[in-house]
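Novice:
Written out as structure tokens, the structure is:
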């Protein structure tokens, strides 16, 4: 598990940050470092670099394990349902070997094996398609980098770098390996992908003090970091998996992957079905042996054991589930959600806690100037300049604009995010004045100084001896600027009010000041001159914020209605984070907003964690990726289903640990995307909420699928029981039973994946029940299944009656009649039936039973579109279900009326009156379901709902 101490463990192997440059030069003598002027270093030779590559490997992370096509195909058979079916097929072949005269055993065995192979083949292609998408997503264009080889700066693939290479990293470049900085100029690096720190920090080549780790020093730039400004020369000290990013990736990939909730639920259901199938087949086979007196053991085994197993096992369910997952994955892709692991959508639907980042997920990750305060005491909100500007007249805000133009290193929208936001604001308000000034000296921003200053003059000839006006333009932290101002503006109530207002709104406040003085144009200035300190004139304040995403507030409200807790994790100060949380509505509905900082988490006891995690909304401020992993772990200990977002490399362990790891597609690192289960292509929190809704819909639709498909169990068993227990002719042939499970039931079941959500799907609490519940069992096995069975028996007996055979005459008849070569059958009505006529009537009766099951299910599917809502309110708008029902009706006609085909199925066209029975059954199923749903709507948590709801 990822621990906070892991950073220190990584740091132990690094010593270069504590070594002076001369020692670095000696240690890496092959690099030929000129530490007086690094740009003139010779670097490694190409031959030496090639030798190092052979011994140390390339600068790349080990790719994720790719399963072969054969392994992927064979993995499809690792399903208890398929193993059970293979067992049934093997018994068929053994039975055929015992009695080769009965070809039915051979046909059934071949049919079962063919069906299993077909289903596994379909699942294989669906999963392979998903894997190919993942690989395409990860196969990025190889990155290039600038490196000094043989004394020449060349561009090479970053994978070709070796330890000892000297690389040049400029603004807009990614750091290609872990490097020790040798020299730099205003080198600002954003390392959030590794350290979690979003603010770009100035790096340097100064030697770190003893006891300082690589994560606390500023002379190491990590692989994957981004240079937002300046230029730096660095020595490659770690490559590939030896880099910090590589070691974190190894920790992530080496974690043991546990079964997801979806797999656990499916296996639980399959075990139940398998146990029921084996139990019932054994019982029926045993009773059959007793009734028959131990004769016809082979026939009893085929019809009483194999067919019962086939009837109990929903052979089409795995393919139906795979298809539903694929359909939902495509639907989610249209909502900017990419599923790496299809089954994780169910876990997303079961989410009880969302642990989300603030920046880029709840906000736009785009700094924007929102407010301007100047010394006239006014605040100008969300505007361009609203004060009156007259030609040739200068206002105090012009000083602010000039400072923005001059103290700014962004170019064409690239650079420090704050500089980009300020220059965009200034460009909207005035013409860029940077070129009218001659820059004399610049004091760059750093975390200690907390301001940036630039000394300029409008004088172009700096050799003049005349006095000219110099202007020192400063921007930075207001409290620091005020200490150097000649007047104590902090006493102004307007200033304090504006400053407090901006802070309470969670905005970042930037102060501006200038200092004008006269000196000789030829004066030589140095950064530490006293002239730069004190006597500044405060100009005003600008408020900058990362705006909330338009739909963020609505998404938070949806989570509240859905009973989902939202925990916001951020590296921001608690005050800023709280302000954003309040804007998001995380303190609404009389809900207490809990705020706690990352450092406080380490000291919490178990009971304190219990109390903390009871809150619906929590802001975790000043957190690191290590804290995020701790939060996820503590939530899971308390039975929460946790969805966590992340974009940095350091987030990877938390993404892997969570029930659902969500990586950012735009801002996310490659390692985070590899560790995650889901990738948000738009980095938007609302996409997670949309995914939760789809996950809940999947679970609902799976229950509907089970409710629909499992109702055929009793209708398929009753004919076998009538045959075994009472000697009736077999009411359904093995091929008819297989056709129900694998052909006619599949299209309507798949159509349920296209069914939209019922009203209120996001107004109920996260589910706590299993996929297959007592209510679902009662509904399928003890209600609808029995209704259809009764209808099937009526159709079956009606067929014989219409052919002149009384039901009483069917008792024990299968032992003597209704088979090839049997004696003539003398009926009580005086009619004598030959063996061919007997077989024909039995085929009509089997067709009647078959028709009743299929058409009753065609009625039943409409009742499965909703779990609680009336079909008359919900409507019949699922066009896929309409086509599925039409297909079923055409198929049953094909199986019954087409010569040759009906012979295979053991069917013959029955009397027309038998077609009326399933219509009556279907109408009764509708009435029963509408009454059932009405009672459940009236009392959703009552006994009736628990007994027959699902």
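Residue numbers (this note's numbering): 290 to 1239. All residues carry an ideal CB built from backbone N, CA and C; glycine is no exception.
1) For the alpha helix (DSSP H) holding residue 1190, just list the boundary residues, first then last.
2) Taking 8 Å as the cut-off, decide whether the C-beta atoms of residue 1153 and residue 1080 are in contact.
3) Quick one: using the 10 Å Cβ neighbour count with 16 as the cut-off for buried, is residue 1112 buried or exposed?
4) For the alpha helix (DSSP H) that residue 437 lies in, which residues bound it at each end?
5) Going by alpha carbons, who is nearest to residue 1054 out of 727, 982, 1076?
6) Less than 8 Å between the C-beta atoms of residue 917 and residue 900, yes or no?
7) Name, in chain order, the residues that DSSP records as bridge partners for residue 476.
8) List the DSSP bridge partners of residue 742.
9) Can residue 455 and residue 507 be called in contact, C-beta distance under 8 Å?
10) Is it right to say residue 972 is buried, meaning 16 or more other beta carbons lie within 10 angstroms of its own, or is it exposed?
11) Could you spell out where the alpha helix (DSSP H) holding residue 1147 opens and where it closes?
12) By DSSP, does residue 618 sit in helix, in strand, or in coil?
13) Take every Cβ of the region 548 to 564, pair it with every Cβ of the region 489 to 497, and state whether three or more of those distances are shorter than 8 Å.
14) Would you tell me roughly how many angstroms separate the C-alpha atoms of residue 957 and residue 511, rounded to the nearest one?
15) Check residue 1100 in the structure and name its three-state DSSP category.
16) Give me the Cβ distance between residue 911 and residue 937, rounded to the nearest whole Å; I'm assuming they're in contact under 8 Å.
17) Start and end of the beta strand (DSSP E) containing residue 662?
18) Relative to the C-alpha of residue 745, which residue among 933, 494, 724, 626 is closest?
19) Which residue marks the beginning of the alpha helix (DSSP H) containing residue 1218, and which one marks its end?
20) Quick check on residue 809: does DSSP put it in helix, strand or coil?
21) Under 8 Å, do residue 445 and residue 524 count as touching if we go by C-beta distance?
22) Sort 1059, 1128, 1004 by Cα distance to residue 1089 and report the nearest one.
23) Would you decide whether residue 374 is buried or exposed? Buried here means 16 or more other CB atoms lie within 10 Å of its CB.
24) Just reading off the beta strand (DSSP E) that residue 627 is part of, what are its end residues?
25) Let me see if you follow: with CB-CB separation under 8 Å, is residue 510 close to chain C or not?
26) Indicate whether residue 516 and residue 464 have their beta-carbon atoms separated by less than 8 Å.
27) What's the C-alpha gap between residue 1065 and residue 447?
28) For a test of the three-state rule: what should DSSP assign to residue 828, helix, strand or coil?
29) Quick check: what's the CA-CA separation for residue 782 versus residue 514?
30) Between which two residues does the alpha helix (DSSP H) carrying residue 874 extend?
31) What beta strand (DSSP E) runs, 3 residues minimum, are completely inside the region 903 to 956?
32) Taking the Cβ atom as the reference point for each residue, do residue 689 and residue 829 lie within a distance shorter than 8 Å?
33) Under the three-state reduction of DSSP, which class applies to residue 1315: helix, strand or coil?
34) Might you give, ordered along the chain, the residues of its own chain that have their beta carbon closer than 8 Å to the beta carbon of residue 433, omitting 5 neighbours on each side?
35) Around the C-beta of residue 1161, are 16 or more other C-beta atoms found within 10 angstroms, so that it is buried, or is it exposed?
36) Taking the beta strand (DSSP E) that residue 522 belongs to, which residues open and close that run?
Specialist: If we stick to the structure as given:
1) 1190 to 1194
2) no
3) Exposed is the call here.
4) Taken as a continuous stretch (DSSP letters only), residue 437 belongs to no alpha helix (DSSP H), being part of the beta strand (DSSP E) at 433 to 438.
5) 982
6) no
7) According to DSSP, residue 476 bridges with 492.
8) 732, 763
9) no
10) buried
11) 1124 to 1152
12) helix
13) no
14) 16 Å
15) coil
16) Rounded, the Cβ-Cβ distance is 16 Å, inconsistent with contact.
17) 657 to 663
18) Checking every option, the nearest Cα to that of residue 745 belongs to 724.
19) 1205 to 1227
20) strand
21) no
22) Cα-wise, what sits closest to residue 1089 is 1128.
23) Buried, by the Cβ-count rule.
24) 626 to 628
25) Looking at the structure shown, chain C is missing, and only one protein chain is on hand.
26) yes
27) Cα to Cα, residue 1065 sits roughly 57 Å from residue 447.
28) Three-state DSSP puts residue 828 in a strand.
29) 43 Å
30) Residue 874 -> no alpha helix (DSSP H), and no H or E assigned at all.
31) Restricted to the region 903 to 956, the beta strand (DSSP E) segments that are unbroken, complete and at least 3 residues in length are 906 to 910, 931 to 935, 949 to 953, listed in chain order.
32) yes
33) The requested residue 1315 does not occur in the structure, where the chain is confined to residues 290 to 1239.
34) Answer for residue 433: 444, 445, 446, 447, listed in chain order.
35) exposed
36) 515 to 527
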